[in-house]
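A.B. asks:
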Amino acid sequence: MVHSVSTTSATFATLRLPLGDLRFRASIPPQTDRSLVQTGSIGRICPAAYPVWEEDIALQWVSSVLLGTTFTGSTNISSYPSDSTPGDPRTIEDCLFLDVVVPKDVFEKQGKASVLVWIYGGGYVSGDKANENAKGLVERSLQNGQDGIVYVAINYRLGALAGSPVQVLGEKELPMLDFSTSALL
Numbered sequence: 001m002v003h004s005v006s007t008t009s010a011t012f013a014t015l016r017l018p019l020g021d022l023r024f025r026a027s028i029p030p031q032t033d034r035s036l037v038q039t040g041s042i043g044r045i046c047p048a049a050y051p052v053w054e055e056d057i058a059l060q061w062v063s064s065v066l067l068g069t070t071f072t073g074s075t076n077i078s079s080y081p082s083d084s085t086p087g088d089p090r091t092i093e094d095c096l097f098l099d100v101v102v103p104k105d106v107f108e109k110q111g112k113a114s115v116l117v118w119i120y121g122g123g124y125v126s127g128d129k130a131n132e133n134a135k136g137l138v139e140r141s142l143q144n145g146q147d148g149i150v151y152v153a154i155n156y157r158l159g160a161l162a163g164s165p166v167q168v169l170g171e172k173e174l175p176m177l178d179f180s181t182s183a184l185l
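Structure, rendered in structure tokens:
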């Protein structure tokens, strides 16, 4: 289902990736065609959190290095306050979704087009597929009479859901599996 349409492109937002027993496994193509489709109106992001050392300790340490002063902060993580700020309401463990932005001409002609797969940075700690301005990139790709690009952005597992804790379920490096299977879609 198309989430939004502009004069230059159509956006398919929050397309679902694996469900149920497949969620912690390598992704596979869908076996059935479903008539019920997400509209994309509700964003979904993977649970994420910055570690204390990154927000507090590293900032103080880098400041002392840049200023040429001695680091006087504590390296004992328990000495820093635990901040329980409210989370982003879009956060949900079932977060493996992708967005696709297709130039209008490519969509209408159903022709071949270059595809840009955007994998946001964040070091497996933070970020989501909506971090960048997809429409801006697609519109820029249409300048000078070019056919444009199809833009695909994916969410991938972060934090505790990204690595070692889930390896007991049989799959390793789940974010890498998220990337490789998304490319098959």
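Take full-length UniProt numbering: the last position of the sequence shown gets the number 185, and nothing is skipped along the way. Where a beta carbon is used, it is the ideal one built from N, C-alpha and C, also for glycine. On a predicted model such as this, the values are computed, not experimentally measured, just so you know.
(1) Please state whether the Cβ-Cβ distance between V152 and V106 is less than 8 Å.
(2) Straight-line CA distance for S79 to G122?
(3) Three or more C-beta pairs closer than 8 Å, one from the segment 63-78 and one from the segment 123-142: is that the case here?
(4) With DSSP as the reference, label I119 as helix, strand or coil.
(5) Short check: CB of L96 to CB of N155, under 8 Å?
(6) What does the Cβ neighbour count give for G145, buried or exposed, with the cut at 16 atoms within 10 Å?
(7) Between R90 and chain D, is any beta-carbon pair separated by less than 8 Å?
(8) Quick check: P103 and S41, are their CB atoms within less than 8 Å of each other?
(9) Give every residue of the same chain whose Cβ lies closer than 6 Å to the Cβ of E139, excluding the five residues on either side of it in the sequence, and list them in chain order.
(10) So, under 8 Å CB-CB, V62 and V100 are touching, yes? Tell me the CB distance rounded to an integer number of Å.
(11) Cβ of L98 within 8 Å of Cβ of Y124?
(12) Is I57 helix, strand or coil when you go by DSSP?
(13) Apart from the five residues on each side of it in sequence, which residues of its chain come closer than 7 Å, Cβ to Cβ, to G43?
(14) Give me whichever residues DSSP pairs with F12 in a beta bridge.
(15) Quick check on V141: buried or exposed, where buried means 16 or more other Cβ atoms within 10 Å of its Cβ?
(16) Looking at the structure shown, is S126 part of a helix, part of a strand, or coil, going by DSSP?
(17) Assign I45 to one of three DSSP states: helix, strand, or coil.
(18) What is the rounded straight-line gap between the Cα of I57 and the Cα of A49?
C.D. replies: Let me spell this out:
(1) At least 8 Å separates the beta-carbon of V152 from that of V106.
(2) Annotation: S79 to G122 spans about 26 Å, alpha carbon to alpha carbon.
(3) Taking a cut-off of 8 Å for Cβ pairs, the segment 63-78 and the segment 123-142 do not touch, as fewer than three such pairs fall below it.
(4) For I119, the secondary structure class from DSSP, reduced to helix, strand or coil, is coil.
(5) In contact: L96 and N155 (Cβ atoms closer than 8 Å).
(6) Counting every other CB atom within 10 Å of its CB across the protein chains shown gives G145 a total below 16, marking it as exposed.
(7) Going by chain labels, chain D is absent from the structure shown, which holds only one protein chain.
(8) Their beta carbons are not under 8 Å apart, which means P103 does not touch S41 by this criterion.
(9) The residues are T8.
(10) 38 Å between Cβ atoms; not a contact.
(11) By the CB criterion at 8 Å, L98 and Y124 fall outside the cutoff.
(12) Three-state DSSP puts I57 in a helix.
(13) Residues T14, R90, A130 of the same chain have their beta carbon placed closer than 7 Å to that of G43, with the five preceding and five following residues left out of the count.
(14) F12 pairs with V100.
(15) Checking the sequence shown, residue 141 turns out to be Ser, not Val. Counting every other CB atom within 10 Å of its CB across the protein chains shown gives S141 a total of 16 or more, marking it as buried.
(16) Coil.
(17) The three-state reading of DSSP puts I45 in strand, counting E and B together.
(18) If I take the Cα positions, the gap works out to 15 Å.
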